[in-house]
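K.L.:
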Amino acid sequence: MTDFLEEFLKPVLIAVIIASALVSFVAGSAVFFIWLERKVAGRIQDRLGPTRVGGKFGWLQTLADGIKLLVKEDVIPAAADKLLFRLGPYIAFCGSFAAFLALPFAKGVVAQNLNIAIFFMLAVMSTEVFGIILAGYGSGSKWSLFGGMREAAQLVSYEVPMAICVVIPVLVAGTLNLTEIAIQQSGPFWNWRLFHDPFTFGAFWTYFTCATASCKRAPFDLAEAESELVAGFHTEYSGLRWSFFFMAEYASMFAVSGIAVLLFLGGWNPGFLWFDLGDLGGNNNLLSFNVLNTNINVLNIIGQVISVVIFIAKGWLLVFVMVWVRWTLPRLRIDQVMMTCLKYLLPLSCMLLAGAAIWQVAMPALVQNWLRVPVGLLCVGAVIIVAFKMWTTRQQLPASGVSFDWKPSR
Amino acid sequence: MQEIGLNHFLILGAVLFVCGVVCMATKRNAIGVLMGVELVLNGANVNFVAFAAYSADSAFSIESKVFALFVIVLAAAEAAIALAIVLNFYNNHMTVDVDTAEELKG
Amino acid sequence: MTVFPFLFWVIALLTAGCAVAVVVSQNVVRMAAWLLFALGGAAGVFFLLGADFVGATQLLVYVGGTLVLVVFGVMLTAQGPFISMKTSAAEWGISAVVGLLLFGVLAASLITATWQSSDVTKRLRSDMAESRDTVNVGKGFAGLEVGPAHNATNDTTAGSQNRVHTSYLLPFEIISVHLLVVLVGAAYLARAKRRRRGTEPLAMRS
């Protein structure tokens, strides 16, 4: 009996605990993102956003939204294929959440340290397409079918330049293991792959564009475009089923932002420390003590916690950029979406890949090792100067009257 | 129940293979036949990877996995061509029923 | 390693069940859904056996590529009468008998054959700990010689020591060219054409 407990129950219990922790984190992030989206939307549109539920800033607005969605009536159209209609949201949800299995939050904090981490994440996120196809077909309405087919074509097309842009930092790092890639970027911020050569710099922006498209976010959000196809593949979904689709969307937004952070922005490294936070208190036994036969090294745990916080902050920053872009740019038509992918992003990412490969081989060692220092200093300096200017520029309020008369000209 | 041996995985591969063959034989929809082909190839892949995992020679296990990778890629290529042919057939005859494809008969 | 049998039975029953559902189902779109789960189950089998790279490739290429292609084909041709085309009962009977016979032959030959297999659990435990699968496959595709040994020349006289290992760079390049040819061919075959006048639908012929 103890054999059974030891061999079977322990791994299963550990797996369940880790999975619950991941799912809770992603769900909590989604709650935060929904609030963030409404606030950012409000501010960009010169209004305040939610201010009533939960204090002056509307912190509990998402909770109120969630309760509303839970108590809505579960409507299934008569012409719907009931099994496929029900199955769609869960496939999309599983495709997004399973990607978090291989996403490292800090040096040892990963659900499964796969050697093919980034490949696994891309592969699992590509199965999300089926949720959309089944939802579009299963709704039994031709608008949903059109919306679903367009979305599926968009997602599948954008996977190609996204994967090519992911290969570029993998090429430079020499490994598919996300933990290794992030460890290589420890130290000062000019070690980040973003500044390594001009081709990885271009790859970051191309990757971010493709990632925005693959999350079906504006300006590539035909599925949510009310003016086009009512609501695309999720027209007939209401209540809890609809919220599964949106949890899947916010989860994949954080997953692709997490990939961008790990591949290009240094992962969990803060960028101004000269040592690796995961090695904090390495063999130092000053603050470690033994509890129940396991060695707890307090400094190490503090280092890991700080790493996790930094990683999550960077991920949330990139998601904020996605939200910001959504409420700033107008939406693209479906033919413009496909043209952007096939005629612009795909050749661009192929050229970046060729350039990065040639850079690795042909550039002299001096340039390879030290170019990133001035480039990094320039970029970060520019960001700091722009932020400072934005902070200190006084807002110009509109003038209180117009100074010319409104008579129509002859 | 206690020890999962090589035979278990090979039987699973055989089940997938036989399901694919029966699917190819009975479906009237041309795309249903294509799905049978996919099942057959997957049964073969499960066999390859099972041999890769259970073989004592490490070089052989790499070769078997590489073979499975090639099978996956070639199956994708073949599915693309088969679908193009089915679409052509549909455009010309307005049906995907394989029972009506008898123009070259006799 | 008693989680391994439990996982095996769950994944194997799921995969086999969905494969049988593909055969039994009458609605072609539902067949596509069951095929999705069968292919996902096969990917699960690959991950269970420690072949991470093959499993991820299965998900990316087969499920995310080939199956999407098949489903697009289904949607393009899924007019009313073609979604559920029924096979006659006699055909079902004959196919079931043939299928069971084929399965019996395969199973009997598999079980009675003697395979030179090693104990997988010990190897899986150590292999998955370091996950060498990707590294070895990558080395093979890059041209490093990691495959089984064979004679370099055709000289098999006793005493010839010319044994080299296989590398997989050439087949990899051949497949790349093959895929390019297939892409061009499929795009040409499936191009939009004007319907020739005088071609009536086959279904309307007596």
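Residue numbers (my numbering), protein chains in the order written: chain A, 1 to 410; chain B, 1 to 106; chain C, 1 to 206.
Backbone N, C-alpha and C fix where the C-beta goes; we use that ideal spot for every residue, glycine too.
Because the structure is a prediction, the values reported are computed rather than measured.
Taking only three categories from DSSP, how would you classify A190/C?
P.N.:
What you label residue 190/C is simply residue 190 of the third sequence in a count that begins at 1. DSSP places A190/C in coil when its eight states are reduced to three.
K.L.:
What does the Cβ neighbour count give for L6/A, buried or exposed, with the cut at 16 atoms within 10 Å?
P.N.:
On the first sequence, residue 6/A is found 6 positions in, with the first residue counted as 1. A small correction: the amino acid at residue 6/A is Glu; Leu does not occupy that position in the sequence shown. Exposed, by the Cβ-count rule.
K.L.:
Please report whether the beta-carbon of L69/B lies at a distance below 8 Å from any beta-carbon of chain C.
P.N.:
Position 69 of the second sequence, counted from the first residue, corresponds to residue 69/B. True, the Cβ-Cβ gap to chain C drops below 8 Å.
K.L.:
Run down chain B in chain order and give the residues with a C-beta less than 7 Å from the C-beta of H165/C.
P.N.:
Here residue 165/C corresponds to residue number 165 of the third sequence, with the count starting at 1. Those within 7 Å of H165/C in chain B are A59.
K.L.:
Does any C-beta atom of chain A lie closer than 8 Å to the C-beta of T15/C?
P.N.:
Position 15 of the third sequence, counted from the first residue, corresponds to residue 15/C. Judged by the 8 Å Cβ criterion, T15/C is not in contact with chain A.
K.L.:
Return the bridge partner residues of H150/C from the DSSP annotation.
P.N.:
For the purposes of this step, residue 150/C is taken as the residue at position 150 of the third sequence. Answer is V164/C, bridged to H150/C.
K.L.:
Starting from P161/A, trace the alpha helix (DSSP H) in both directions and tell me its first and last residue.
P.N.:
Here residue 161/A is taken as the residue at index 161 of the first sequence, counted from 1. First-last of the alpha helix (DSSP H) with P161/A: K142 to A173.
K.L.:
What does the Cβ neighbour count give for I34/A, buried or exposed, with the cut at 16 atoms within 10 Å?
P.N.:
Taking the first sequence and counting its residues from 1, the one referred to as residue 34/A is at position 34. Result: buried.
K.L.:
Name, going along the chain, the residues of the segment 34-53 of chain B whose beta-carbon falls closer than 7 Å to a beta-carbon of chain C.
P.N.:
Residues passing the 7 Å Cβ filter: L34, M35, E38, L39, N42, N45, V46, V49, A50, A52 and A53.
K.L.:
Assign A129/C to one of two classes, buried (16 or more other C-beta atoms within 10 Å of its C-beta) or exposed (fewer than that).
P.N.:
In the third sequence, counting from the first residue as 1, residue 129/C sits at position 129. Any reading at A129/C needs caution, since the residue's pLDDT is 49, under 50, leaving its predicted position unreliable; the model's value is listed next. Exposed, since its Cβ has fewer than 16 Cβ neighbours within 10 Å.
K.L.:
Which residues in the same chain as Y90/B place their Cβ atom closer than 6 Å to its Cβ, once the five residues preceding and following it in sequence are excluded?
P.N.:
Here residue 90/B corresponds to residue number 90 of the second sequence, with the count starting at 1. Excluding positions up to five away in sequence, the list reads V96.
K.L.:
Against chain C, does G106/B count as a neighbour if the rule is that its beta carbon must be under 8 Å from one of theirs?
P.N.:
As a position in the second sequence, residue 106/B is number 106, starting the count at 1. So no, G106/B is outside the interface.
K.L.:
Helix, strand or coil for S257/A? Go by DSSP, reduced to three states.
P.N.:
Counting from 1 along the first sequence, the entry for residue 257/A is found at position 257. Three-state DSSP puts S257/A in a helix.
K.L.:
So T235/A contacts chain C; which residues on that side make the cut at Cβ distance below 9 Å?
P.N.:
Locating residue 235/A in the first sequence gives position 235, where the first residue counts as 1. Within chain C, no residue comes near T235/A; the closest Cβ sits about 17 Å away, beyond 9 Å.
K.L.:
Could you tell me the distance, in whole angstroms, from the CA atom of S243/A to the CA atom of A251/A?
P.N.:
As a working note, residue 243/A is residue 243 in the first sequence. As a working note, residue 251/A is residue 251 in the first sequence. Their Cα atoms are separated by approximately 12 Å.
K.L.:
Please go through the same chain and pick out, in chain order, the residues whose beta-carbon is closer than 7 Å to the beta-carbon of M204/C, but skip the five residues on each side of it.
P.N.:
Translated into the one-based positions of the third sequence, residue 204/C becomes position 204. The pLDDT assigned to M204/C is 47, lower than 50, so where the model puts this residue is not dependable; a value taken from the coordinates is nonetheless given after this. Contacts found: none.
K.L.:
Hey, does L170/C have any beta-carbon neighbour from chain A nearer than 8 Å?
P.N.:
The count along the third sequence starts at 1 and reaches residue 170/C at position 170. So, not an interface residue.
K.L.:
Quick one: does L106/C have its CB under 8 Å from some CB of chain B?
P.N.:
Counting from 1 along the third sequence, the entry for residue 106/C is found at position 106. Yes, its Cβ sits closer than 8 Å to a Cβ of chain B.
K.L.:
Provide the residue span of the alpha helix (DSSP H) that contains I183/A, from first to last.
P.N.:
Here residue 183/A is taken as the residue at index 183 of the first sequence, counted from 1. Element bounds for I183/A: L178 to I183.
K.L.:
Shorter than 8 Å from the beta carbon of I181/A to some beta carbon of chain C?
P.N.:
Translated into the one-based positions of the first sequence, residue 181/A becomes position 181. I181/A does not count as touching chain C.
K.L.:
Identify whether D57/B lies in helix, strand or coil by the three-state DSSP scheme.
P.N.:
Position 57 of the second sequence, counted from the start, is the residue given in the question as residue 57/B. Here D57/B sits in coil by DSSP.
K.L.:
Mind listing which residues of the segment 131-152 of chain C have their C-beta closer than 8 Å to chain B's C-betas, in chain order?
P.N.:
So the list reads D133, N136, V137, G140, F141, V146, G147, P148 and A149, given in the order they occur along the chain.
K.L.:
Taking the runs of the alpha helix (DSSP H) that are 4 residues or longer, which of them lie wholly in the segment 307-366 of chain A?
P.N.:
With a minimum length of 4 residues, the continuous alpha helix (DSSP H) runs that stay inside the segment 307-366 of chain A are 334-339 and 346-362.
K.L.:
State buried or exposed for G32/B, treating a residue as buried only when at least 16 other CB atoms are found within 10 Å of its CB.
P.N.:
If you number the second sequence from 1, residue 32/B lands on position 32. It counts as buried.
K.L.:
Is K314/A closer than 8 Å to V261/A when the C-beta atoms are compared?
P.N.:
Taking the first residue of the first sequence as position 1, residue 261/A is located at position 261. Taking the first residue of the first sequence as position 1, residue 314/A is located at position 314. Yes; because the gap between Cβ atoms is below 8 Å, this pair is in contact.
K.L.:
Nearest chain C C-beta to L6/B closer than 8 Å, yes or no?
P.N.:
Stepping through the second sequence from its first residue, residue 6/B is reached at position 6. So yes, L6/B belongs to the interface.
K.L.:
Please check if any C-beta of chain A sits within less than 8 Å of the C-beta of G277/C.
P.N.:
Here chain C covers residues 1 to 206 and nothing more, so residue 277/C does not appear.
K.L.:
Tell me the DSSP bridge mates of N29/B?
P.N.:
Locating residue 29/B in the second sequence gives position 29, counting from the first residue. Looking at the DSSP assignment, N29/B forms a beta bridge with D97/B.
K.L.:
How is N45/B classed by DSSP in three states: helix, strand or coil?
P.N.:
Taking the first residue of the second sequence as 1, we reach residue 45/B at position 45. Note: N45/B maps to helix in three-state DSSP.
K.L.:
Name the residue from I4/B, V21/B and L87/B whose alpha carbon lies nearest to the alpha carbon of L76/C.
P.N.:
Locating residue 76/C in the third sequence gives position 76, where the first residue counts as 1. For the residues I4/B, V21/B and L87/B, the minimum Cα distance to L76/C belongs to L87/B.
K.L.:
Which residue from N7/B, N29/B, G36/B and F9/B puts its Cα closest to that of V107/B?
P.N.:
The structure shown does not extend to residue 107/B, since chain B is modelled only from 1 through 106, so no value can be given for it.
K.L.:
For chain C, find out if any of its Cβ atoms is closer than 8 Å to the Cβ of T127/A; answer yes or no.
P.N.:
In the first sequence, the residue the question calls residue 127/A occupies position 127. At least one chain C Cβ lies under 8 Å of T127/A.
K.L.:
So is L13/A buried or exposed if we call it buried at 16+ other beta carbons inside 10 Å?
P.N.:
As a working mapping, residue 13/A is identified with position 13 in the first sequence. Looking at its Cβ environment, which holds fewer than 16 other Cβ atoms inside 10 Å, L13/A is exposed.
K.L.:
What in chain F is Cβ-close to M85/C, meaning under 7 Å?
P.N.:
Chain labels in this structure do not include chain F; the protein chains are A, B and C.
K.L.:
Report yes if the C-beta distance between L352/A and T179/A is below 8 Å; otherwise report no.
P.N.:
Stepping through the first sequence from its first residue, residue 352/A is reached at position 352. Stepping through the first sequence from its first residue, residue 179/A is reached at position 179. No; because the gap between Cβ atoms is not below 8 Å, this pair is not in contact.
K.L.:
Give the residues of chain A in contact with R30/C, contact being defined as C-beta atoms less than 9 Å apart.
P.N.:
Within the third sequence, numbered from 1, the residue matching residue 30/C stands at position 30. Within chain A, the residues near R30/C are D81, L83 and L84.
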